[in-house]
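Below is one structure, written out as structure tokens, with a few remarks after it.
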Amino acid sequence: MADSQRLPYDELLRNARESFDEGTDFTVAVEEEFALLEPGSLGLVNRFEEVQAAARGTSLEPHLVGELIASEVEVKTGRCETFADIPVALAERRSQLASLVEPLGLMLGATGTHPWARWQEQRIIDTPHYRRNDEILRYVVWRNTSFGLHVHVGIRGADRAIAVVNGLRNFLPELLALSASSPFVENVNTGLHSARTQIFTRLFPRCGVPDFFESWDAYEQYVRFLYETRSIDESTQLWWSVRPHLSFPTVEIRICDAQPDLGEAQALAAFAAALTARIARAADEGEPVADQPHRLVEENMWRAIRYGLSGELIDLDRGETLPARARLERLLDWMAPVAEEIGAAPYLALPERNAAERQIARFEEGATLEQIYAEQVGVPVRG
């Protein structure tokens, strides 16, 4: 937990505004969450503290943190000044992590959920931050055995950051459809492409699609209200799927499932960064993305949760329904000039089938969940 989270909220909000107003456009950082697995069974094991201890004194130490449960580990690329550095950083962090855990007798998994793990068998890590969340949320936090990929994009200007968050909220379903990788939970074929999102965003408070805010002042007023009514005691307790981060001047995209394939993680990060930059450009040119009603974004969100890339999404600006891939292709065309400028264009590609589609296809062929998950394990360090 960042020290800034414990500042008096007046100081936190003042520092955040100043940080955004002095920030740098389109820096990028990516956070990836991985499952810690016992190689024989591929079951989750509560061994984060051993991994953390093994990382001490290595180049990976500053990039490795805990994430709620002891069977999970998060690695961060660190801030990259241009997107061009992100693909290399992602590959390096994955390789470093795999090399770190192998001598410990561990393997890594990277899908949005573990196919058969029971949440009752996971242990919350012992930090003040997670002890506090455990105390506040109880069953809600116990139930959250999930793995995601988060993208931070630097935005200069506090009001501009809010405009970008407003725009990104419309496209959360597209990002989810592209990244979906979690059809199985607790030995169940859920029929969903992102069970992680259904579990996480429907259980946690202040989660999922955020409201539209007219300005930084309006957003700040809401955060003040939450602190003053003792609804939150840390700003990260706004668990929205996209949010302005108050500890550093970035917009954080949190909707995406973890990615088993390195190349697809790189492509997803490119898509998120280019989309963010394109929305910022639209705001700069006086053509900000429309304020779509929450209920319409949620309709698209359900489609992405249920069908992923295999279904249809609604182009909310045009009021038409089209295949999810066609919808993403339309966004790629819209983003293309800015993607080229920020160095993301070479990595922008839609997969023939994403991770959820591949797993579902294998299940329909008669493969067991163990066989399907085994095919994903080890992939995190490959392109």
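If you want our numbering, it's the position in the sequence shown, counting the first as 1, plus 3.
Yeah, the Cβ is synthetic: ideal placement off N, Cα and C, and Gly gets one too.
Suppose the cutoff is 7 Å on Cβ atoms and the five residues either side in sequence are ignored; what does the same chain contact list for residue i look like?
i    : result
G157 : G26, T27, D28, F29, T30, P252, T253
P326 : E315
D294 : N169, F215
E64  : A58
R328 : L312, L353
R209 : Q240, L241, W242, W243
A370 : none
I282 : V167, G170, L171, V292
In the DSSP assignment, the alpha helix (DSSP H) including residue i goes from what residue to what residue?
i    : result
D320 : Unbroken run through D320: none, as it is neither H nor E.
A364 : 358-367
E378 : 372-379
I345 : 327-345
E231 : 219-231
Cβ atoms of residue j and residue i: under 9 Å apart, would you say?
i    : j    : result
I375 : A183 : no
R172 : F215 : yes
L67  : A58  : yes
R96  : K79  : yes
L174 : L278 : In the sequence under discussion, the amino acid at residue 174 is Phe, which differs from the Leu named in the question. Contact: yes.
L152 : E255 : no
L100 : L107 : no
V407 : L312 : The displayed coordinates of the chain run from 4 to 386. Any statement about residue 407 would go beyond what the structure contains.
N303 : P176 : yes
L178 : F274 : yes
I128 : E52  : yes
A286 : M338 : no
T116 : F207 : no
Y350 : P118 : no
Q379 : A94  : no
G2   : A120 : Outside the displayed range of the chain (4 to 386) lies residue 2, so it cannot be described from this structure.
E36  : V76  : yes
D24  : G160 : yes
A38  : T130 : no
I165 : P247 : yes
E301 : G211 : yes
N192 : F366 : yes
R50  : L109 : yes
Name the two residues that bound the continuous beta strand (DSSP E) containing residue i.
i    : result
D260 : 253-260
H117 : Per DSSP, H117 belongs to no beta strand (DSSP E) and is neither H nor E.
L265 : Element bounds for L265: not the beta strand (DSSP E) but the alpha helix (DSSP H), 265-287.
E302 : Element bounds for E302: not the beta strand (DSSP E) but the alpha helix (DSSP H), 297-310.
V245 : 245-248
E52  : Not the beta strand (DSSP E): E52 falls in the alpha helix (DSSP H), residues 51-58.
Leaving aside the five residues before and after residue i along the sequence, list all residues of the same chain whose C-beta is less than 6 Å from its C-beta, in chain order.
i    : result
Q125 : I72, S74, T148
E41  : V48
A348 : A342
G386 : Low local confidence applies: a pLDDT of 42 at G386 is under 50, so the model's placement there is unreliable, and no value is given.
L16  : E223
N18  : none
S234 : none
I345 : F29, F86, A280
Apart from the five residues on each side of it in sequence, which residues of its chain come closer than 8 Å, Cβ to Cβ, to residue i?
i    : result
D162 : S218, W219
A377 : L45
A364 : R356
R135 : D236, E237
Just checking: is the beta-carbon of residue i within a distance shorter than 9 Å of some beta-carbon in chain B?
i   : result
T30 : Absent from the structure: chain B. Only one protein chain is present.
query: Just checking, does the stretch 193-206 make contact with the stretch 316-324 on the three C-beta pairs under 8 Å criterion?
result: The stretch 193-206 makes no contact with the stretch 316-324: fewer than 3 CB pairs, one atom from each, lie closer than 8 Å.
message: So, does the stretch 290-306 touch the stretch 129-147, judging by three or more C-beta pairs under 8 Å?
response: Using a C-beta cut-off of 8 Å, the stretch 290-306 makes no contact with the stretch 129-147, since fewer than three inter-stretch Cβ pairs fall below that distance.
Complete runs of the beta strand (DSSP E) confined to the stretch 136-213 [at least 3 residues]: Runs found: 151-157.
message: Could you check whether the stretch 228-242 touches the stretch 322-336, counting it as contact only if at least three pairs of C-beta atoms, one from each stretch, sit closer than 8 Å?
response: Contact annotation: the stretch 228-242 does not touch the stretch 322-336, with fewer than three C-beta pairs closer than 8 Å.
query: Along the chain, which unbroken stretches of the beta strand (DSSP E) at least 3 residues long are found entirely within the stretch 5-46?
result: As far as the stretch 5-46 is concerned, its whole beta strand (DSSP E) runs of at least 3 residues are 31-40.
message: Give the list of continuous beta strand (DSSP E) stretches no shorter than 3 residues that lie fully inside the stretch 66-132.
response: Inside the stretch 66-132, DSSP marks whole beta strand (DSSP E) runs of 3 or more residues at positions 67-70, 72-79, 110-112, from first to last along the chain.
message: I want to know whether the stretch 352-366 touches the stretch 185-198 - three or more CB-CB distances under 8 Å.
response: With three or more CB-CB distances shorter than 8 Å, the stretch 352-366 counts as touching the stretch 185-198.
message: Using a Cβ distance threshold of 8 Å, determine whether the stretch 255-270 contacts the stretch 177-193, with at least three qualifying pairs required.
response: The stretch 255-270 makes contact with the stretch 177-193: 3 or more CB pairs, one atom from each, lie closer than 8 Å.
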